[in-house]
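K.L.:
Counting with the working numbering, you get residues 14 to 615 for the letters of the sequence shown.
So that we are looking at the same thing, I have put the structure below in structure tokens.
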Amino acid sequence: MNRSESGEKATRQCWECLKRRLVCDHTLPHCKKCQKAGKECPGYDEQKPLQWVETGKVTSRRRKKDTAPKIYTIPAQPFDSAPRKMQASAKSSPPKVPYEVKADDEVYVDLEEKVRAYWDKFTDGHGDKQTQVVRELAFQHAATTTEELVRIFDQGGRARIEEIVSNQEGEEAARLVGSVMGAEKKKDPLKALEILLQIIRLTDVPNFEILSSESSEVVQAVNYYNVRILPEVKSSGELAPNPAVIMFPLNALHILPPTIHHTLVCLSLNHYIHRLPAGSDRSAMVSNRSKVYHHRGAAIRALSHYVGKDRTRCSDLTIASILMFMSMELQNPAFADWRSHASGLQRLIDLRGGLKTLLKQAPYLAPTLVVYLLIVGLANTCSPSWDQIDVGATPSHTIEDVSEMYNLIFPYILCPPEIFVEMLRTNELRHKASAAMMMADIDLDHGLEANDMLSRIEAFSPEDWAQPGEFYDEWLLIGTMYQAAVAIYCTMSLQSLTILPDSIEMNAMRSIHGDRLLSALRSSMKYPRVVRFIVWPLVVAGVEAAYRGEATRNWIETTLTDMSRMLGTSSPLKARAVLRRYWQKTEPGWDECFDRPYVFII
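Here is the structure:
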């Protein structure tokens, strides 16, 4: 190695700068440019130093000839539906496709072109003739069956299709295929399903059911509530916006107890099941119902765990969880266990010192507890007079508590406050009269109190109560509907206890209110903002319809059926079943209809 005249510089570039095509600074003993770049300077020797090459790494290649690159392809396996001698026939002409692509279907043709363009990127128009024929067959199969596959998956899912094919259930395959596929495939529905499974396996589509878990179902349920249920509730709340109805935050799931998680899944699945159109495939309904039962059981186990521990028995989260679970039970009365949850919740409230004390300790529970007050108030109207729930220390205290909090209850029912209080007073009078009858004691003051209530109900003016403005007609309709419904409830329920006489005048007044109620209910079907609040008045009209003809009863039945699908709950269907049983008795009367506790509310 030569030095410069000063003895501090090299006379040639270092090998690293030469490799990187940089101007070397000739600094001895090592180049500073290499040091700054983080490279190891190989020095200035005349021979290039040896360097280790990593395994599998190539430093140089020979120049290749200018020839077209060789295409390596993996032969695809033919479909079972294709002829066995496809190799011989592929040399002359492509095999015949069992299900041809519909030339007039833009969706199929577009799909076929996209798939063909995708594979052409890799083959570049070259490749084995046999492979091209097999792919052509796959393209046409995929283009023809993709739409059908989506529809069939909506009906049963991959697991159901595999079960039908493995068990060779011909009738079930024909029912599943139904009108989804063409007439040619209906001749052999099992074969059609086998081809769909072959396409899935050929393309190695994973079975994503393995990713399903309780956590994912909870997230899906919350998303369903935010996207499907909440907008409907918000739109119907334009008359009286409810500040307690908000979007459920996903980021709050981790701080909520498991009971609320499982209850959310049950609520969303129940809504989805009841919103299915008439004639929908029952397999989807059955599979979702099994999930409802699973999550309901998990919620009950979690509730038992919290109630069984002293530290969490009366906690705020436990009370909120029980109330939410009870509300879900009302959405699906088939469980018929809401009353035990209501009684248990009342005991926990009493352990906290009563309703007023609990509201002072935890005022943020007020939006939750008002739902409980509303449920109890309406449940007592549809329960026997001797089997009612007392929220306060006495029925009169219950009326006071509800009156103080009615501004929070109002958005859930839209009943005028004066009329709602008279409904609660009727509940109280029924309870007192029933207790007196059991003691063989007759109190004449009960009759006077009943007539005073009817006078106050009659004195109510819907025209004066209706709020002027854009929604005046809706408010007038709501006021008229609830006035007539509570008047009928007061009359018929107290007549059953012989507090009010079964006289011509009393029956004539009941009939007049029945006409007004039916007229208001029919008119409410024109107003989407009102129709969600007519379940209880519609049930009252059904009880009064025992005095009316078959046409009125049929209309009430049909309306309850439509309400169930519109609201996404089976509570109207339960009301329909109760009314049918009551009408078959051919004996009108409030206690004849409600001989056990019921509640009809969304």
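Using N, Cα and C, we set each Cβ at its ideal position, and we do this for glycine too.
For arginine 173, collect the residues of the same chain with a Cβ closer than 7 Å to its Cβ; drop the 5 residues on either side in sequence, then sort them by chain order.
P.N.:
As a first step, residue 173 must be located in the sequence shown, where it is residue number 160. If we look at arginine 173 and ignore the five residues flanking it on each side, its Cβ neighbours are Ser296.
K.L.:
Can you have a look at isoleucine 470 and say buried or exposed, based on whether 16 or more other CB atoms are within 10 angstroms of its CB?
P.N.:
Position 457 of the sequence shown holds residue 470. By the 10 Å Cβ count, isoleucine 470 comes out buried.
K.L.:
Spatial neighbours of glycine 460 within its chain, please: C-beta separation below 6 Å, excluding the five flanking residues on both sides.
P.N.:
Start at 1 with the first residue of the sequence shown, and residue 460 comes out as number 447. Cβ neighbours of glycine 460 beyond the five flanking positions: Ile512.
K.L.:
Excluding sequence positions up to five away, which residues of its chain have a Cβ less than 6 Å from the Cβ of alanine 234?
P.N.:
Position 221 of the sequence shown, counting from 1, holds the residue named residue 234. So the qualifying residues of the chain are Leu277, Val278 and Ser281.
K.L.:
In angstroms, rounded to a whole number, what distance separates the CA positions of glycine 195 and leucine 189?
P.N.:
Residue mapping note: residue 195 aligns to position 182 of the sequence shown, counting from 1. Residue mapping note: residue 189 aligns to position 176 of the sequence shown, counting from 1. Residue confidence for glycine 195 is low, a pLDDT of 48 falling below 50, so the modelled location carries little weight; the figure read from the coordinates is stated next. So the two alpha carbons sit approximately 13 Å from each other.
K.L.:
What did DSSP end up calling lysine 61 once you bin it into helix, strand or coil?
P.N.:
For the purposes of this step, residue 61 is taken as residue 48 along the sequence shown, with counting starting at 1. The answer is coil: DSSP assigns lysine 61 none of H, G, I, E or B.
K.L.:
What residues are listed by DSSP as bridge partners for threonine 40?
P.N.:
Along the sequence shown, read from residue 1 onward, the residue named residue 40 stands at position 27. Paired residues: Lys22.
K.L.:
What's the C-alpha gap between glycine 366 and isoleucine 491?
P.N.:
As a working mapping, residue 366 is identified with position 353 in the sequence shown. As a working mapping, residue 491 is identified with position 478 in the sequence shown. Near 37 Å, if we compare the C-alpha coordinates of isoleucine 491 and glycine 366.
K.L.:
Whose CA, out of Arg288, His308, Asp363 and Ala186, lies closest to the CA of serine 226?
P.N.:
Working through the sequence shown from its first residue, we reach residue 226 at position 213. When only C-alpha atoms are compared, the closest one is His308.
K.L.:
Can you look up leucine 513 in the DSSP assignment and give me helix, strand or coil?
P.N.:
On the sequence shown, position 500 is the one that residue 513 refers to. DSSP places leucine 513 in coil when its eight states are reduced to three.
K.L.:
Go ahead and pull the three-state DSSP assignment for glutamate 246.
P.N.:
One-based indexing of the sequence shown puts residue 246 at position 233. Here residue 246 turns out to be valine, not glutamate, going by the sequence shown. Of the three classes helix, strand and coil, the one that applies to valine 246 here is helix, per DSSP.
K.L.:
So, at 6 Å on beta carbons, what are the nonlocal neighbours of glutamate 251 in its own chain, with the 5 sequence-adjacent residues on each side left out?
P.N.:
Against the sequence shown, residue 251 aligns to sequence position 238. So the qualifying residues of the chain are Arg542.
K.L.:
Cα-Cα, which of Ser509, Arg314 and Glu67 is closest to proline 270?
P.N.:
Within the sequence shown, residue 270 is the residue found at index 257, counting from 1. The shortest C-alpha separation from proline 270 is found at Arg314.
K.L.:
Check whether the segment 548–560 and the segment 516–535 touch, using three or more Cβ-Cβ pairs below 8 Å as the test.
P.N.:
Verdict: yes, contact present.
K.L.:
Among residues of its own chain, excluding the 5 on either side of arginine 326, which ones have a beta-carbon nearer than 8 Å to its beta-carbon?
P.N.:
For this step, residue 326 is matched to residue 313 along the sequence shown. These residues qualify, in order along the chain: Tyr319, Val320, Leu361 and Leu364.
K.L.:
Start and end of the alpha helix (DSSP H) containing threonine 276?
P.N.:
As a position in the sequence shown, residue 276 is number 263, starting the count at 1. Counting along the chain, the alpha helix (DSSP H) containing threonine 276 begins and ends at 271–287.
K.L.:
If you draw a straight line from the C-alpha of isoleucine 1 to the C-alpha of histidine 284, how long is it?
P.N.:
With the chain covering only 14 through 615, there is no way to say anything about residue 1.
K.L.:
Of all the options Lys46, Cys27, Met298 and Cys37, which has the alpha carbon lying nearest to the alpha carbon of valine 61?
P.N.:
Start at 1 with the first residue of the sequence shown, and residue 61 comes out as number 48. According to the sequence shown, residue 61 is lysine rather than valine. Closest option to lysine 61, Cα to Cα, is Cys27.
K.L.:
When DSSP labels each residue in this structure, what does phenylalanine 613 get in the three-state scheme?
P.N.:
Against the sequence shown, residue 613 aligns to sequence position 600. Three-state result, phenylalanine 613: coil.
K.L.:
Can you check which of these residues, Val232, Lys247 and Pro256, is closest to leucine 263 by C-alpha distance?
P.N.:
Working through the sequence shown from its first residue, we reach residue 263 at position 250. For leucine 263, the nearest C-alpha among the options comes from Val232.
K.L.:
So what's lysine 70 in DSSP terms, helix, strand or just coil?
P.N.:
For this step, residue 70 is matched to residue 57 along the sequence shown. DSSP places lysine 70 in coil when its eight states are reduced to three.
K.L.:
Among the candidates Leu386, Met298, Asp329 and Leu243, whose CA atom is the shortest distance from the CA of isoleucine 273?
P.N.:
Numbered from 1 along the sequence shown, position 260 holds the residue referred to as residue 273. Nearest option by C-alpha distance: Asp329.
K.L.:
Would the beta-carbon of serine 509 fall within 7 Å of that of aspartate 604?
P.N.:
In the sequence shown, counting from the first residue as 1, residue 509 sits at position 496. In the sequence shown, counting from the first residue as 1, residue 604 sits at position 591. It is a contact, given that the beta carbons lie within the stated cut-off.
K.L.:
How is the alpha helix (DSSP H) around lysine 369 delimited, first residue to last?
P.N.:
As a working mapping, residue 369 is identified with position 356 in the sequence shown. Unbroken alpha helix (DSSP H) run through lysine 369: 368–374.
K.L.:
Are there 16 or more other CB atoms within 10 angstroms of the CB of arginine 33, so buried, or fewer, so exposed?
P.N.:
Looking up residue 33 in the sequence shown gives position 20. By the neighbour-count rule (16 or more Cβ atoms within 10 Å), arginine 33 is not buried but exposed.
K.L.:
Put asparagine 345 into one of helix, strand or coil per three-state DSSP.
P.N.:
As a working note, residue 345 is residue 332 in the sequence shown. Note: asparagine 345 maps to coil in three-state DSSP.
K.L.:
Going along the chain, which residues of its own chain have a beta-carbon closer than 6 Å to the beta-carbon of histidine 275, five neighbours each way excluded?
P.N.:
Walking along the sequence shown from the start, residue 275 turns up at place 262. The answer, listed in chain order, is His308, Ala311 and Ala312.
K.L.:
Between the Cα of serine 577 and those of Ile422, Ile614 and Leu467, spot the shortest distance and give me the residue it belongs to.
P.N.:
Mapped onto the sequence shown, residue 577 falls at position 564. For serine 577, the nearest C-alpha among the options comes from Ile614.
K.L.:
Return the CA-CA distance between aspartate 465 and lysine 304, expressed in angstroms with no decimal places.
P.N.:
Counted from its first residue, the sequence shown places residue 465 at position 452. Counted from its first residue, the sequence shown places residue 304 at position 291. The alpha-carbon atoms of aspartate 465 and lysine 304 are separated by roughly 51 Å.
K.L.:
So is glutamate 643 buried or exposed if we call it buried at 16+ other beta carbons inside 10 Å?
P.N.:
Summary: the structure shown does not reach residue 643, with the chain confined to residues 14 through 615, and so no result is reported for it.
K.L.:
Could you tell me the alpha carbon to alpha carbon distance between glycine 357 and glycine 482, rounded to whole angstroms?
P.N.:
Here residue 357 is taken as the residue at index 344 of the sequence shown, counted from 1. Here residue 482 is taken as the residue at index 469 of the sequence shown, counted from 1. Distance between the alpha carbons of glycine 357 and glycine 482: 44 Å.
K.L.:
Just how far apart, CA to CA, sit leucine 266 and isoleucine 501?
P.N.:
For the purposes of this step, residue 266 is identified with residue 253 of the sequence shown, where counting begins at 1. For the purposes of this step, residue 501 is identified with residue 488 of the sequence shown, where counting begins at 1. Rounded to the nearest angstrom, the two C-alpha atoms are 45 Å apart.
K.L.:
Using the beta-carbon count (16 or more within 10 Å), is tyrosine 611 buried or exposed?
P.N.:
Taking the sequence shown and counting its residues from 1, one reaches residue 611 at position 598. With 16 or more other Cβ atoms within 10 Å, it is buried.
K.L.:
Which one of Glu431, Val384, Ala498 and Met452 has the shortest CA to CA distance from phenylalanine 473?
P.N.:
Here residue 473 refers to the residue found at position 460 when the sequence shown is read from its first residue. Minimum Cα distance to phenylalanine 473 is reached at Glu431.
K.L.:
Tell me the rounded alpha-carbon separation between leucine 592 and serine 353.
P.N.:
In the sequence shown, counting from the first residue as 1, residue 592 sits at position 579. In the sequence shown, counting from the first residue as 1, residue 353 sits at position 340. Near 23 Å, if we compare the C-alpha coordinates of serine 353 and leucine 592.
K.L.:
Between aspartate 414 and leucine 368, is the Cβ-Cβ spacing less than 7 Å?
P.N.:
Counting from 1 along the sequence shown, the entry for residue 414 is found at position 401. Counting from 1 along the sequence shown, the entry for residue 368 is found at position 355. Contact flag set, yes.
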